[in-house]
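Asker:
What follows is the structure, given as structure tokens:
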């Protein structure tokens, strides 16, 4: 416990020099601006706040002093934003990310700029949420639906969780959001998409009829005729139907949303309970969508393709998969993805187009492997194993992590502790943002050209080791599966040999560039220590 006398002694120079703390009222007003989401007024209040009073002394180290102050600012601003309506998880996540960013700063002016950005960003987020004009109860309802999106939900369960009347919740949700609960969670649109896809599938399978059914195998048989059986072909639920499924899912969801906004529902008397109205509301929309799908099916039946699946396979799927199956094209795509990363653009921008094609080829490999045949897209599997984000995440960071064990600067020693484990499971963002690699010319070459180098070497080694087949089931493993585990399951010892050689090459590529960055960071740390010593003196 602080003694009264030392406190009084500390107050003497403060009073003599008039270096009083910033007032509580000024801090409170900043918080009120954040609560209201009043960005314009907050900018004025922040300028006045910074020009009046002092912030006290929280550390003898000037840099640590400023960071401690900003941590308290972030904490108070986070609470104000939550009070203003910003969802707790979003607010706390923003707080965590801003504090992480703060700890990486090395200049005092950067800290002041970040303090300004923190308050403006939080206030702007509050403003966006207030613009939605949704009450706290309905906001809580939306949050509950999102958190339990993949579970069976009922209106009564949500109402009980929020301590609301069922009828009032249904009517209020519809009033404030413009859609009912079923339309909001998207399950109805998903079910309609599946039903539409089944409607477009050919439902007749030609089955050969033989004269004498063989009792022993192998044995030849004479086909007498062909019989048509009403059934779905499973081939359309695999790689052959993937492009169609994506297109139909998009079209059905879009139509469903547009018709829902037009309030195209069955009108029932006011006395009918809201739960009954909600359950019948998609009926007319469903009829419109099914009529549209039936028209598409009939229309394609009069073409040379006979159905939409043959049309998609021949004119869309085959040309695209043929291009991506080329290992050099695939390496070029991965290289371009890392090039985008260098400028801060996430490679998922091209992943939305590439991933369905890779999935189609993976399913084709699985079908061939299950039938005891060589996989048709062997080279694609080899390049993907070492050149994609399955090798320590984007940027192929396994080699970088190993290089960082030689770090001399405290900055990279700490970064290694933060990013090493995540990198093993193909999560490279802590390293990409922590170094950083974006717009950092030191890491341009290793970041961008790793996929092409490793992919080329892996293809050459596969030819030397005479790898003619691989287990494609690893395509179904989670993307966080470490590369050595994935490659061991896929190709056994020969593929592990490729992993070991490519890992050594990966380290050799990253090491010289990392040492340049490490030496630079070490010099900056020494300069900071010398500057701090001179300030103390």
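Residue numbers (the UniProt record's numbering): 1 to 537. Backbone N, C-alpha and C define an ideal beta-carbon position, used for all residues, glycine too.
Once the 5 residues before and after residue 42 are set aside, which same chain residues still bring their CB inside 8 Å of it?
Answerer: 30, 33, 34, 119, 120, 123
Asker: In whole angstroms, what separates the C-alpha of residue 532 from that of residue 60?
Answerer: 10 Å
Asker: Taking only the alpha-carbon atoms, compute the straight-line gap between residue 1 and residue 431 and give it to the nearest angstrom.
Answerer: Any answer about residue 1 is weak, because its pLDDT of 46 lies below 50 and its placement is not dependable; what the coordinates show is given next. Cα-Cα distance, rounded: 43 Å.
Asker: Are residue 235 and residue 327 closer than 7 Å when you measure CB to CB?
Answerer: no
Asker: At which residues does the alpha helix (DSSP H) containing residue 35 begin and terminate?
Answerer: That run of the alpha helix (DSSP H) goes 24-36.
Asker: By DSSP, does residue 208 sit in helix, in strand, or in coil?
Answerer: strand
Asker: If you measure between the beta carbons of residue 395 and residue 447, is that distance less than 7 Å?
Answerer: yes
Asker: Just tell me which of 483, 465, 308 has its CA closest to the CA of residue 391.
Answerer: 483
Asker: Based on DSSP bridge pairs, tell me the residues matched to residue 230.
Answerer: Within the DSSP bridge table, the entry for residue 230 names 204 as partners.
Asker: From the DSSP output, in three-state form, read off residue 154 for me.
Answerer: coil
Asker: Any chance you could list the alpha helix (DSSP H) runs of at least 4 consecutive residues sitting entirely within the stretch 380-451, in chain order?
Answerer: 398-404, 410-424, 429-434
Asker: Does DSSP classify residue 518 as helix, strand or coil?
Answerer: helix
Asker: So residue 258 is in the alpha helix (DSSP H); what residue range does that whole segment cover?
Answerer: 242-261
Asker: Taking residue 104 as the reference, give the member of 370, 300, 242, 415 with the closest Cα.
Answerer: Nearest option by C-alpha distance: 415.
Asker: Count the C-beta pairs between the stretch 468-481 and the stretch 371-379 that are closer than 8 Å, then say yes if the count reaches three, no if not.
Answerer: yes
Asker: I need the DSSP call for residue 529, collapsed to helix, strand or coil.
Answerer: helix
Asker: Let me check one thing: in DSSP terms, what residues is residue 223 bridge-paired to?
Answerer: 210
Asker: Report buried or exposed for residue 498, applying the criterion of at least 16 other Cβ atoms within 10 angstroms of its Cβ.
Answerer: buried
Asker: Could you tell me whether the Cβ atoms of residue 507 and residue 403 are closer together than 7 Å?
Answerer: In this structure, residue 507 sits near residue 403, with a CB-CB distance shorter than 7 Å.
Asker: Reducing DSSP to helix, strand and coil, say where residue 84 ends up.
Answerer: coil
Asker: Hey, how far is the Cα of residue 300 from the Cα of residue 307?
Answerer: About 5 Å.
Asker: Can you tell me the Cα-Cα spacing of residue 512 and residue 355, whole angstroms?
Answerer: Computed Cα separation, rounded: 33 Å.
Asker: For residue 375, report the span of its alpha helix (DSSP H) as first-last.
Answerer: It is not in any alpha helix (DSSP H) - residue 375 carries neither H nor E in the DSSP assignment.
Asker: To the nearest angstrom, how far is it from the Cα of residue 434 to the Cα of residue 88?
Answerer: 26 Å
Asker: So, residue 69 versus residue 99, is the Cβ gap smaller than 7 Å?
Answerer: no
Asker: Which same chain residues, not among the five before or five after residue 388, have their C-beta less than 8 Å away from its C-beta?
Answerer: The beta carbon of residue 388 sits closer than 8 Å to the beta carbons of 334, 451 from its chain, once the five residues preceding and following it are set aside; these are given in chain order.
Asker: When you compare the stretch 282-298 with the stretch 199-207, are there three or more beta-carbon pairs, one atom per stretch, that lie closer than 8 Å?
Answerer: yes
Asker: Apart from the five residues on each side of it in sequence, which residues of its chain come closer than 7 Å, Cβ to Cβ, to residue 193?
Answerer: 248, 249, 252, 253
Asker: Would you check if there are 3 or more beta carbon pairs closer than 8 Å linking the stretch 457-464 to the stretch 365-373?
Answerer: no
Asker: Rounded to the nearest angstrom, what separates residue 352 and residue 246 at their Cα positions?
Answerer: Roughly 11 Å separates the two Cα atoms.
Asker: Going by C-alpha distance, which of 204, 517, 241, 490 is nearest residue 313?
Answerer: Among 204, 517, 241, 490, the Cα nearest to that of residue 313 belongs to 241.
Asker: Could you check the C-alpha separation between residue 78 and residue 141 for me, to the nearest Å?
Answerer: 22 Å
Asker: Return the CA-CA distance between residue 317 and residue 232, expressed in angstroms with no decimal places.
Answerer: Taking the straight line from one Cα to the other gives about 21 Å.
Asker: Quick check: what's the CA-CA separation for residue 419 versus residue 310?
Answerer: One C-alpha to the other measures close to 47 Å.
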